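Sequential numbering from 0 applies to the sequence shown in numbering that gives the first Met the number 0.
From the three backbone atoms N, C-alpha and C, an ideal C-beta is built for every residue, glycine too.
It should be emphasised that the depicted structure is a prediction, and the values quoted were computed from it without experimental measurement.
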Amino acid sequence: MRPFSRAEKIKEELMNVEDRLYDMAHALSELTEPQLSLVSAKYLVRREPKDDQLMSVLGFGRQKYYEIKKTSLIRIAQELSVI
């Protein structure tokens, strides 16, 4: 059995990343509009903003913000079979 060449190993890693990205894209597509807005603004950015900042930007009260945040993360975790 010959060891993987560097190119084969990189190709395999890229395929694994593509699969994970597809899974994440599917999980995100299952979110409601408010959930997707929150997740995008909170986690799909270079610098993660503070929750208080996002509450005012998105126009959610504290209770509603944390409810949407929690259900979003649970839904993503379920779609990715994490929980």
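Report task. Confirm, please, whether the CB-CB distance from Val56 to Ala40 is below 8 Å. Result -> Here residue 40 is taken as the residue at index 41 of the sequence shown, counted from 1. Here residue 56 is taken as the residue at index 57 of the sequence shown, counted from 1. It is a contact, given that the beta carbons lie within the stated cut-off.
Requested in this report: Give the DSSP-derived three-state secondary structure of Arg74 in the structure shown.
Outcome: What you label residue 74 is simply residue 75 of the sequence shown in a count that begins at 1. Looking at Arg74 - three-state DSSP - the assignment turns out to be helix.
Query raised in the report: Gln52 to Lys8, Cα distance in whole Å?
Result: As a first step, residue 52 must be located in the sequence shown, where it is residue number 53. As a first step, residue 8 must be located in the sequence shown, where it is residue number 9. Cα to Cα, Gln52 sits roughly 42 Å from Lys8.
Query raised in the report: Should Glu17 be flagged as near chain D, meaning a C-beta pair shorter than 8 Å?
Result: Among the chains of the structure shown, chain D does not appear; only one protein chain is present.
Query raised in the report: For the candidate residues Pro48, Leu27, Arg46, whose alpha-carbon lies nearest to that of Ser71?
Result: Counting from 1 along the sequence shown, the entry for residue 71 is found at position 72. With distances taken between Cα atoms, Ser71 lies closest to Leu27.
Query raised in the report: The alpha helix (DSSP H) with Ser4 in it runs from where to where?
Result: Counting from 1 along the sequence shown, the entry for residue 4 is found at position 5. Where Ser4 is concerned, there is no enclosing alpha helix (DSSP H), given that its DSSP letter is neither H nor E.
**Report entry** Exposure of Val44, with buried meaning 16 or more beta-carbon neighbours within 10 Å
**Finding:** Residue mapping note: residue 44 aligns to position 45 of the sequence shown, counting from 1. Burial call: exposed.
**Report entry** Opening and closing residue of the alpha helix (DSSP H) in which Ser80 lies
**Finding:** Mapped onto the sequence shown, residue 80 falls at position 81. It is not in any alpha helix (DSSP H) - Ser80 carries neither H nor E in the DSSP assignment.
Query raised in the report: Start and end of the alpha helix (DSSP H) containing Glu32?
Result: Reading the sequence shown from its first residue, position 33 is the one you call residue 32. Element bounds for Glu32: 32 to 42.
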